[in-house]
Amino acid sequence: MLLTNCMGSEKLLEKIAQVGSRIHHFTEQLVISFADIEDYAKVKAKLARNNVLWKPFNEKSIDQIAKGLQQLNTEWGLKVKTCGEKYDLSEYGIMHSHCIDAELMERLFPSDPVLMKFLGVPVKDEPTLFPEYGSSGPIGQDLNVKLKDCGQRSTCGCIMSKDIGQYDTCVHQCMYCYANNSDKIAQSNMKVHSRFGESIIRDPL
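Residue 5 in numbering that gives the first Met the number 0 is what sits at position 6 of the sequence shown, and the numbering runs on without skipping anything.
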């Protein structure tokens with residue numbers, strides 16, 4: 000989420016309400032993050048070039064949004080979580096998230112032996128053609144901490160993973176995005192993209 004001179008906490012909550020009312024039947028959780036513009040120099044510069052007057056989040060604005068989300072979620076029943084945030088919002092029913100989540104992968108892909116071995120999930124000792132996987136107990140936070148990706152921020156809860164994306168390939172031109180250095184380069188890369196190719200953009204000959 001991004002605060003600007005024309006987008007305050009109340010307006011942000013209105014936008015979240017508009018989206019949430021449409022999709023809460025089709026998802027389990029809502030993950031939020033408060034944009035740290037000062038940490039991303041090129042995002043800060045891009046906002047300045049486009050005359051976007053951003054504002055940093057403070058405890059007051061964060062509490063206001065958290066309270067608003069808690070109220071909205073009484074109708075939605077979603078798991079509301081934060082991504083890469085130091086703030087403890089558990090009093091509002093908002094927990095910390097793991098975008099690359101060991102617990103979620105264990106639940107979704109129990110039949111993948113390589114993944115289960117990486118996660119440290121033991122195989123139940125059963126004489127069957129298709130072994131049943133399952134942890135000896137709840138893994139959640141402990142396993143996510145054990146396998147934390149050391150290349151990410153200290154507040155990031157993701158486990159180790161491999162990024163298969165590429166910078167300067169998205170043409171949606173979101174002004175707060177840190178994945179593009181140049182919209183022109185992204186547009187140029189899109190022209191050589193093939194959905195049948197082995198990479199996002201065609202390698203030069």
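For every residue, glycine included, the Cβ atom is placed at its ideal position computed from N, Cα and C.
Taking 6 Å as the cut-off, does the CB of residue i come closer than this to any heavy atom belonging to the ligand GDP?
i: isoleucine 22; result: What this structure holds is no ligand at all, so the ligand GDP is not there to describe.
Rounding to the nearest angstrom, what Cα-Cα distance links residue i and residue j in this structure?
i: leucine 52; j: methionine 174; result: 12 Å
i: leucine 1; j: cysteine 155; result: 19 Å
i: serine 32; j: phenylalanine 195; result: 34 Å
i: proline 112; j: serine 198; result: 27 Å
i: isoleucine 138; j: isoleucine 184; result: Confidence at isoleucine 138 is low in this model, with a pLDDT of 42, below 50, so its placement is unreliable and the value that follows should be read with caution. Computed Cα separation, rounded: 43 Å.
i: glutamine 165; j: aspartate 100; result: 22 Å
i: glutamine 172; j: aspartate 182; result: 6 Å
i: glutamate 27; j: leucine 77; result: 5 Å
i: serine 135; j: proline 121; result: Caution applies to serine 135, whose pLDDT of 46 falls short of 50 and renders its modelled position unreliable; the value that the coordinates give is listed next. About 7 Å.
i: serine 110; j: alanine 40; result: 43 Å
i: glutamine 140; j: cysteine 157; result: Legend: pLDDT at glutamine 140 = 42, less than 50; position of this residue unreliable, value from coordinates given subsequently. Cα to Cα, the separation comes out at about 10 Å.
i: arginine 48; j: glutamine 17; result: 29 Å
i: serine 153; j: lysine 66; result: 26 Å
i: leucine 114; j: threonine 3; result: 42 Å
i: leucine 204; j: tyrosine 177; result: Note that leucine 204 has pLDDT 48, beneath the 50 cutoff, so the model's placement of it is unreliable and no number is given.
i: glutamate 13; j: serine 20; result: 11 Å
i: lysine 161; j: serine 89; result: 30 Å
i: glutamine 186; j: asparagine 143; result: 37 Å
Grab the span of the beta strand (DSSP E) containing residue i for me, first residue to last.
i: valine 113; result: Unbroken run through valine 113 is the alpha helix (DSSP H), 112-118; no beta strand (DSSP E).
i: lysine 80; result: 78-81
Under DSSP, the alpha helix (DSSP H) around residue i begins and ends at which residues?
i: valine 30; result: It is not in any alpha helix (DSSP H) - valine 30 instead sits in the beta strand (DSSP E) that spans 28-31.
i: aspartate 87; result: No alpha helix (DSSP H) holds aspartate 87; DSSP gives it neither H nor E.
i: glutamine 69; result: 58-75
i: arginine 201; result: Taken as a continuous stretch (DSSP letters only), arginine 201 belongs to no alpha helix (DSSP H), as it is neither H nor E.
i: lysine 43; result: 40-48
i: methionine 189; result: 182-190
i: glycine 19; result: 8-22
Does the Cβ-Cβ distance between residue i and residue j come in under 7 Å?
i: isoleucine 36; j: valine 42; result: yes
i: lysine 69; j: tyrosine 86; result: In the sequence as displayed, the identity of residue 69 is glutamine instead of lysine. It is not a contact, given that the beta carbons lie outside the stated cut-off.
i: serine 60; j: cysteine 82; result: no
i: aspartate 148; j: methionine 159; result: yes
i: leucine 118; j: glutamate 105; result: yes
Hey, is residue i's beta-carbon within less than 7 Å of any beta-carbon in chain D?
i: valine 79; result: The chain inventory of the structure shown lacks chain D, comprising one protein chain alone.
Taking residue i and residue j to be in contact with their CB atoms under 8 Å, please state how far apart those CB atoms are, rounded to whole angstroms.
i: leucine 107; j: isoleucine 15; result: So it is not a contact: roughly 26 Å between Cβ atoms.
Would you check if there are 3 or more beta carbon pairs closer than 8 Å linking the stretch 55-75 to the stretch 2-11? yes
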